[in-house]
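Chains W and P supply the protein sequences, listed in that same order. Numbering-wise, my numbering puts 524 at position 430 of the first sequence, and it's gapless, one number per residue. Numbering-wise, my numbering puts 204 at position 149 of the second sequence, and it's gapless, one number per residue. Data first, discussion second: the structure below is written as structure tokens.
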Amino acid sequence: MKTQWEAVIGLETHAQLMTASKIFSPASTAFGGLPNTQASVIDLALPGVLPVLNRGAVDCAIRLGLAVGATIAERSVFARKNYFYPDLPKGYQISQYELPVVVGGTLSCLVTPKSGEPYPKTVHLTRAHLEEDAGKSLHENYRDQSGIDLNRAGTPLLEIVSEPDMRSSAEAVAYARALHALVMWLGICDGNMQEGSFRCDANVSVRPSGESRLGTRVEIKNVNSFRFLQLAIEHEIQRQIELIEDGGKVVQETRLYDANADQTRSMRSKEDAMDYRYFPDPDLLPLQIPGDWIERVRASLPELPEAMRARLARDYGLNAYDAAVLTSSRALAQYFEAAARAAPDAKMVANWVSGEVAAALNNEAIAIEQCPVPAAQLAALVTRIADGTINQKTARDVFGALWTGKASSVDAHIEANGLRQISDTGAIEAVIDQVLAANASMVAEFKTGREKAFNALVGQAMKATRGKANPAQVNEILRRKLAS
Amino acid sequence: MTELAHSSLAHLARLLDQGKVSSVELARIFLTRIEQHRNLNAFLDVRPEVTLAQAREADARRSRGEHGALLGLPIAHKDIFVTREWASTAGSRMLAGYMSPFDASVVERLAASGMVCLGKLNCDEFAMGSSNENSAYGNVLNPWDHGAVPGGSSGGSAAAVAARLAPVATATDTGGSIREPAAFSGITGVKPTYGRPSRWGMIAFASSLDTAGLLTSSAEDCALVFNAMLGFDARDSTSVERPDEDYTRDLNIDLRGLRIGVPTEFFAQDLQPDVETAVRAALADYQKLGARLVEVSLPNAALGIPVYYVVAPAEASSNLSRFDGVRYGHRARQFGDLTDMIKKSRAEGFGPEPKRRILVGTYVLSHGYYDAYYLKASRVRRLIAEDFQRAFAQCDVIAGPVTSTVAFGFGEKATDPVSMYLADLFTVPASLAGVPALSLPCGLGAKGRPVGLQLMANHFDEARLLGVAHRYQMATDWHRRVPAGY
């Protein structure tokens, strides 16, 4: 029988922290400045400069730590990771090595496998530590030379390391997405993967199913989207299985993912792995985090996604799926809740937010923060549907008018354009009588048993009322009249 | 003219205040002496126009009614401190002609107090050395004897003050680089508590040890300048947040009842008789002044050298990594790829001593060796610091020799790094413990070369340390002696 293989995956994620200035210098962290305009003498590592820790970066680490239920280390130590590279100005990176600021913790996510039902998964975290980003080497546009841009040098990073808890690319992506959502929820990272604000490296190994020992792992770097993360892991799992089945051996190495070719290629093997000569940075005292610092940060934490999901399900009667969709970002959840509080039917609000609103945002590629329809107007719209003032079809038109700015108030727009639903039975009966009289052939068709003709008659009645008739009443009256 | 150059800072300050001399006149006197004694090779960069502009500004401030204690007094800076208006080379070819866009904190503070900078002083390359024979810009001569080294690494600072080319000079001490040249050059050299002076703008050698201090002709002058120079700096994370203090407050300390600890380990066989005689005479002088000698022990002091020569090179190997030819400093003319550029630039830019220490430091931090060397050295370092705390429970200050010999001749130790390293035997312990320590002249030894007495105090006890030194200098005249011809 053919060996069944199990993949073992752990992720190392670098999240750029949204502090205004760098982790060890007062220079700005804004993205996109002209090369080397946001590099202070400290970032340039000029002779005589010294690092001073930005406490805002520590706040970010504590936020993440508290959100995943980790231990915040009372004392952690910055170390120097020594290696030469032109975009590493000091010749070492200041990072945390033996004593990181965040230890342990867990993150839950909903895995959507290729086949089968979605299932929940809890991933354990090993640690999270603070460090500085390097600059960038620019090889394009230079002939026989390299350009160095140190704007990014010294940008604070939180490296979040998971345990090797994931068993498939779907699990890895579910974890990465949950972490991505969490760091944005906490307001510590902008989550922009294209600009490199959120980067994942995957450690991948395979072993025969049932085996408890870990196989030799390969680290995959350079993955800048969730799709590529999925593809890169799947590709690497397949590569390792084929290699072993062909009698080969996986070697411990670092491989780069090439999205264009959908393959990984070796960057360096363990043999030429660098000796980073870590040692405590004598320029920085150990980082001491007393309890009151932690409590101050805890008090500033927003409601966390998991807690909010449970509360939305409880308070608004949402199912798990709706609750998960609506809490995919904090702004979306806040939008939903603002509308739901002001509307009589939360489930209908949920449907509108994840339906019309989401589609419109997606269509224009804008975020919920830029949504032109305020939550209050969405609530007004749902209110008018629920109380029968307008029907769903009219509501979609009103939403369109709100979106484009043609309308600013739901009620004013309904009144000004006479969009009220016709629910007067007498008026609807009169219209139906006219429709029946004018469409004798359809009536005849219906009577021969063709249900389709019924729908056509409904359509005629709606058309005659310019879509404003209450569809349920039209149905009911028409059915009664045809039956008589 | 010579009389003014031989005067104490305190005296010069009085003359300035009384209008008997101007800052510009003082600057000219010292600039002239610097020019006359260029053969000492003490200065690396002198720019009279910049110095005179600062002096004119000081005179203008005084004419507007300012009366700062240091306003208009000249000073010179060791080339380890970066300066905007003079090149900052750290004695290395790597930084030939390097102009810093900012001033070191110490330079900034002293300039703000109105001190006038005479220029930059030669030193061992990246402050690595005990004889100033490691400067890429040549040896500095000892004004007492041109055949002798001035000590290192602050050799230029020591020679300049000894020859009265500057009334005071900044210096740095990592394992003895202020005290040893002070002893060899017959002047007063003070290393304050680690963390008291800012390291911002000091080109780093070994960050956990590097301490800015002064070379002066007296403890009193040192106290005056410390008042402006020392203090908290938020730009240096190891700077200690304490209020500023008046370092002259204990100058008139009563020595009666003062307990001077004499560590037995500092009077072991390595100590040469001429040095021992002078040091013991100084201790006897202190007894005459009312102090009591107490025998103390620093049992781990002898481990200071091996510990220091693990910790300091380890930190140095990392600190010197920024010199890669990419952004500033020496870049090789010919190279292949980027890695080759970095290798060649460093091979050409660094002299033999930084290379030696980078190699040692890289080795002791390497995977598999870290625990045996760096970690162990860090532990022993703590033991040495604990020795000092035990000793200071029994005494107020500790006294002993600075070096085991008087200044040696050029080339005598240059080919034997270990014997050179042993020159730091008595100075390294205070550096490892981070306590303040000074050297003051207490006699002449073999070949008429100066001998220094070392005094050490507990953390932040600089004021008392300076007072104890000052009382000795009130009773003796070793510190007033100027080498013949200067």
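Idealized CB from N, CA, C, for every residue including glycine.
DSSP state of residue i mapped onto helix, strand, coil
i, result
"ILE314(W)", "strand"
"ASP309(P)", "coil"
"ASN549(W)", "helix"
"VAL366(P)", "helix"
"ASP544(P)", "Absent from the model: residue 544(P). The displayed extent of chain P is 56 to 541, so no value can be given."
"TYR341(P)", "helix"
"GLU234(W)", "coil"
"GLY500(P)", "coil"
"ASN456(W)", "helix"
"GLY150(W)", "helix"
"ASP527(W)", "helix"
"THR64(P)", "In the sequence as displayed, the identity of residue 64(P) is Leu instead of Thr. Note: LEU64(P) maps to helix in three-state DSSP."
"GLN132(W)", "coil"
"GLN324(P)", "coil"
"GLU80(P)", "helix"
"TYR351(W)", "strand"
"ALA124(W)", "coil"
"THR519(W)", "helix"
Nearest candidate by alpha-carbon position, reference residue i, set the options
i, options, result
"ASP516(P)", "GLY423(P), LEU375(P), TYR302(P) and GLU296(P)", "TYR302(P)"
"TYR418(P)", "THR225(P), PHE321(P), VAL366(P) and ARG382(P)", "VAL366(P)"
"ALA115(P)", "TRP141(P), VAL79(P) and VAL349(P)", "VAL79(P)"
"SER502(W)", "LEU530(W), ILE516(W), ALA469(W) and LEU138(W)", "ALA469(W)"
"GLU192(W)", "PHE172(W), ASN176(W), LEU204(W) and GLY210(W)", "PHE172(W)"
"ARG311(W)", "GLY199(W), GLN288(W), CYS283(W) and ILE327(W)", "ILE327(W)"
"ARG271(W)", "HIS223(W), THR220(W), CYS203(W) and GLY281(W)", "CYS203(W)"
"THR165(W)", "LEU379(W), GLY241(W) and ARG392(W)", "ARG392(W)"
"SER115(W)", "TRP497(W), ASP377(W), ARG371(W) and GLU226(W)", "GLU226(W)"
"THR227(P)", "ALA182(P), GLY507(P), ARG219(P) and ALA221(P)", "ALA182(P)"
"MET47(P)", "SER433(P), VAL415(P) and LYS399(P)", "Absent from the model: residue 47(P). The displayed extent of chain P is 56 to 541, so no value can be given."
"SER209(W)", "LEU232(W), PHE322(W) and SER263(W)", "SER263(W)"
"ASN94(P)", "LEU126(P), ALA215(P) and ILE258(P)", "ALA215(P)"
Exercise. If contact means a Cβ-Cβ distance below 8 Å, which residues of the region 115–143 of chain W contact chain P?
Worked result: Within the region 115–143 of chain W, the residues whose Cβ lies closer than 8 Å to some Cβ of chain P are VAL135, LEU138, ALA139, LEU140, PRO141, GLY142 and VAL143, listed in chain order.
Exercise. Taking the runs of the alpha helix (DSSP H) that are 4 residues or longer, which of them lie wholly in the region 391–476 of chain P?
Worked result: Taken in chain order, the complete alpha helix (DSSP H) segments of 4 or more residues contained in the region 391–476 of chain P are 393–404, 407–420, 431–447 and 472–476.
Exercise. Can you find at least 3 beta carbon pairs, one from the region 247–266 of chain W and one from the region 122–137 of chain W, that sit closer than 8 Å?
Worked result: Three or more beta-carbon pairs drawn from the region 247–266 of chain W and the region 122–137 of chain W are found closer than 8 Å, and the two stretches are therefore classed as touching.
Exercise. Quick check: the region 253–261 of chain P against the region 286–300 of chain P, are there 3 or more CB pairs under 8 Å?
Worked result: The region 253–261 of chain P, when compared against the region 286–300 of chain P, does touch it at the 8 Å Cβ threshold.
For this session: Starting from the N-terminal side, write out each stretch of the alpha helix (DSSP H) that is 4 residues or longer and does not extend beyond the region 365–447 of chain W.
Result: If we require 4 residues or more, the alpha helix (DSSP H) runs fully inside the region 365–447 of chain W come out as 385–393, 399–410, 414–420, 424–436 and 440–446.
Problem set entry | Segment contact flag, the region 360–377 of chain P with the region 120–139 of chain P, C-beta cutoff 8 Å, min 3 pairs | A contact is defined here as three or more CB-CB pairs under 8 Å, and the region 360–377 of chain P fails this definition with respect to the region 120–139 of chain P.
Problem set entry | Segment contact, 8 Å Cβ cut-off, at least three pairs: the region 339–346 of chain P with the region 402–420 of chain P | Touching, no, given that fewer than three Cβ pairs across the two stretches are closer than 8 Å.
Problem set entry | Near-chain P residues of the region 176–192 of chain W (beta-carbon distance less than 7 Å), N- to C-terminal order | Cβ contacts with chain P: ASN176, PHE178, PRO180, PRO183, LYS184, GLY185 and TYR186.
Exercise. Which residue spans inside the region 98–142 of chain P form an unbroken beta strand (DSSP E) run of at least 3?
Worked result: Runs found: 98–100 and 129–133.
Exercise. Quick check: the region 398–406 of chain P against the region 424–443 of chain P, are there 3 or more CB pairs under 8 Å?
Worked result: The region 398–406 of chain P, when compared against the region 424–443 of chain P, does not touch it at the 8 Å Cβ threshold.
Exercise. When you check each C-beta in the region 416–433 of chain P against every C-beta of chain W, which residues fall closer than 8 Å?
Worked result: With the criterion set as a beta carbon lying under 8 Å from some beta carbon of chain W, the members of the region 416–433 of chain P are THR417, LEU420, SER421, HIS422, TYR425 and TYR429, in sequence order.
Exercise. In the region 279–306 of chain P, which residues sit with their C-beta less than 8 Å from some C-beta in chain W, listed in chain order?
Worked result: For the region 279–306 of chain P, which is checked against every Cβ of chain W, the residues closer than 8 Å are ALA289, ARG290, ASP291, SER292 and THR293.
Exercise. Do the region 282–297 of chain W and the region 98–111 of chain W meet, that is, are 3 or more Cβ pairs less than 8 Å apart?
Worked result: As far as the Cβ criterion goes, the region 282–297 of chain W touches the region 98–111 of chain W, which means the pair count is three or higher.
For this session: With 8 Å as the C-beta to C-beta threshold (strictly closer), list the residues of the region 227–240 of chain W near chain P in chain order.
Result: So the list reads SER240, given in the order they occur along the chain.
Exercise. Using a beta-carbon distance cut-off of less than 9 Å, what residues from the region 71–91 of chain P approach chain W?
Worked result: Within the region 71–91 of chain P, not one residue has a Cβ closer than 9 Å to any Cβ of chain W.
Problem set entry | Short-range partners of chain P found in the region 364–390 of chain W, where Cβ spacing is below 9 Å | Here the close residues are ASP369, TYR370, ARG371, TYR372, PHE373, PRO374, ASP375, PRO376, ASP377, LEU378 and LEU379.
Exercise. Within the chosen definition, does the region 433–447 of chain P reach the region 474–481 of chain P through at least 3 CB pairs nearer than 8 Å?
Worked result: Not touching, per the Cβ criterion.
Problem set entry | Members of the region 357–377 of chain P near chain W, C-beta cut-off 7 Å | Listed by position along the chain: ALA369, GLU370, SER373, SER376 and ARG377.
Exercise. Taking a cut of 7 Å between CB atoms, which residues from the region 241–259 of chain P lie near chain W?
Worked result: Residues of the region 241–259 of chain P with a C-beta less than 7 Å from any C-beta of chain W: ARG254, TRP255, GLY256, MET257 and ILE258, listed in chain order.
Problem set entry | Under 7 Å (Cβ pairs) to chain W, residues found in the region 171–205 of chain P | Answer set for the region 171–205 of chain P: empty.
Exercise. Taking Cβ-Cβ distances below 9 Å as the criterion, which residues of the region 147–162 of chain W are in contact with chain P?
Worked result: From the region 147–162 of chain W, only LEU147 have a Cβ closer than 9 Å to chain P.
Exercise. Counting pairs of beta carbons, one from the region 206–219 of chain P and one from the region 181–196 of chain P, are three or more of them closer than 8 Å?
Worked result: Three or more beta-carbon pairs separated by less than 8 Å link the region 206–219 of chain P to the region 181–196 of chain P, which places the two stretches in contact.
For this session: Entirely within the region 264–312 of chain P and at least 3 residues each: give me those beta strand (DSSP E) ranges in chain order.
Result: Entirely contained in the region 264–312 of chain P, the beta strand (DSSP E) runs reaching 3 residues are, in chain order, 266–271.
Exercise. Is the number of C-beta pairs between the region 547–567 of chain W and the region 478–498 of chain W that are closer than 8 Å three or more?
Worked result: Contact holds between the region 547–567 of chain W and the region 478–498 of chain W, because three or more Cβ pairs, one in each stretch, are under 8 Å apart.
Exercise. What residues in the region 165–176 of chain W have a beta carbon less than 7 Å from any beta carbon of chain P?
Worked result: Within the region 165–176 of chain W, the qualifying residues are ARG174 and ASN176.
Exercise. Considering only residues of the region 196–249 of chain P, which uninterrupted alpha helix (DSSP H) runs meet the minimum length of 4 residues and lie entirely inside it, listed in chain order?
Worked result: Whole alpha helix (DSSP H) segments, 4+ residues: 210–217 and 234–240.
For this session: Decide if the region 176–193 of chain W is in contact with the region 418–425 of chain W; the criterion is three or more beta carbon pairs, one per stretch, under 8 Å apart.
Result: Judged by Cβ distances under 8 Å, the region 176–193 of chain W makes no contact with the region 418–425 of chain W, as fewer than three pairs qualify.
Exercise. Mind listing which residues of the region 143–164 of chain P have their C-beta closer than 8 Å to chain W's C-betas, in chain order?
Worked result: Cβ contacts with chain W come from SER143, ALA145, LEU150, TYR153, SER155, PRO156, PHE157 and ALA159.
Exercise. Quick one: complete beta strand (DSSP E) runs, 3+ long, within the region 263–316 of chain W?
Worked result: Counting only unbroken stretches of 3 or more residues, the beta strand (DSSP E) elements lying wholly within the region 263–316 of chain W are 292–302, in sequence order.
Exercise. Three or more beta-carbon pairs under 8 Å between the region 173–183 of chain W and the region 370–387 of chain W, yes or no?
Worked result: At 8 Å Cβ cutoff, the stretches touch.
For this session: Count the C-beta pairs between the region 337–353 of chain W and the region 378–386 of chain P that are closer than 8 Å, then say yes if the count reaches three, no if not.
Result: Fewer than three pairs of CB atoms, one per stretch, sit closer than 8 Å, so the region 337–353 of chain W makes no contact with the region 378–386 of chain P.
Exercise. Would you call the region 231–241 of chain P and the region 161–171 of chain P in contact, with 3 or more CB pairs under 8 Å?
Worked result: Because the criterion of three Cβ pairs below 8 Å is not met, the region 231–241 of chain P and the region 161–171 of chain P do not touch.
Exercise. Okay, do the region 448–462 of chain P and the region 505–512 of chain P touch, 3+ Cβ pairs below 8 Å being the bar?
Worked result: Touching, per the Cβ criterion.
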